[in-house]
Ligand code: MN
């Protein structure tokens, strides 16, 4: 079993692919620049899933408050299981009763570059990665640092992309479809009223 297949075992174990429209892990590493995606997820609780490509999987964190452009606002980021690369294209509804049941929006996406020329997988294994995001909403320098166990902090670094604008409020729509959570739920057979509680 390859390293990425081993890292995706938990992802597969948690899901019934006869019931959820989420992707099975089929493809390996993508070619070209490293991808990132932030998926806004109205599950039991609203959160933002922050995912960085590293060695053929998406390393993943659940960020309850979502990213902040303000370097003073460090965001709690709980490490969760790696997801397959193709998960970055998933927007839709996970059926109620399934793992993560609720509505998923592609809130931001793009590419990223590790700073200091590091191997991002190795840096994350060591508990700290500094990187530059080139997304539609999130840009510039960021740091992820492990503070213990599965607990990390996600922080904007000070640069011209830092701001005190609350980006989660200012830019609430999908970068793929321009829909709000309620619109995604309505279109994909989900619970639009519940999804709407995650919209501003
Ligand atoms: Mn999630």
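In the working numbering, the protein residues as written are 4 to 203. Even for Gly, the Cβ is constructed at its ideal location relative to N, Cα and C. All figures in this text were calculated on a predicted structure; none of them were measured in a lab.
Item to complete: Enumerate in chain order the residues of its own chain whose CB-to-CB distance from residue 195 is below 7 Å, with the five nearest sequence positions on each side excluded.
Response: The residues are 185, 188 and 189.
Worksheet entry | Three-state secondary structure assigned by DSSP to residue 194 | Residue 194: coil per DSSP, three-state reduction.
Discussion item. Give me the DSSP bridge partner(s) of residue 42.
Written reply: According to DSSP, residue 42 bridges with 52 and 109.
Fill in: Through-space distance from residue 57 to residue 3, alpha-carbon basis
As shown, the chain starts at 4 and ends at 203. That puts residue 3 outside it, with no answer to give.
Worksheet entry | Check: residue 113 C-beta below 7 Å from any heavy atom of ligand 1 | It does not: the Cβ of residue 113 is nowhere closer than 7 Å to a heavy atom of ligand 1.
Item to complete: Could you check what DSSP says for residue 180 in three-state terms: helix, strand or coil?
Response: In this structure, residue 180 counts as coil in the three-state DSSP scheme.
Fill in: Where the alpha helix (DSSP H) containing residue 12 begins and where it ends
12-16 is the span of the alpha helix (DSSP H), which, as asked, contains residue 12.
Practice prompt. Name, in chain order, the residues that DSSP records as bridge partners for residue 63.
Written response: 54 and 83, per the DSSP bridge assignment.
Worksheet item: Rounded C-beta distance between residue 102 and residue 17? I'm assuming under 8 Å.
Response: Rounded, the Cβ-Cβ distance is 5 Å, consistent with contact.
Fill in: For residue 125, the first and last residue of its enclosing alpha helix (DSSP H)
If you look at residue 125, you'll find it in the alpha helix (DSSP H) that goes 123-128.
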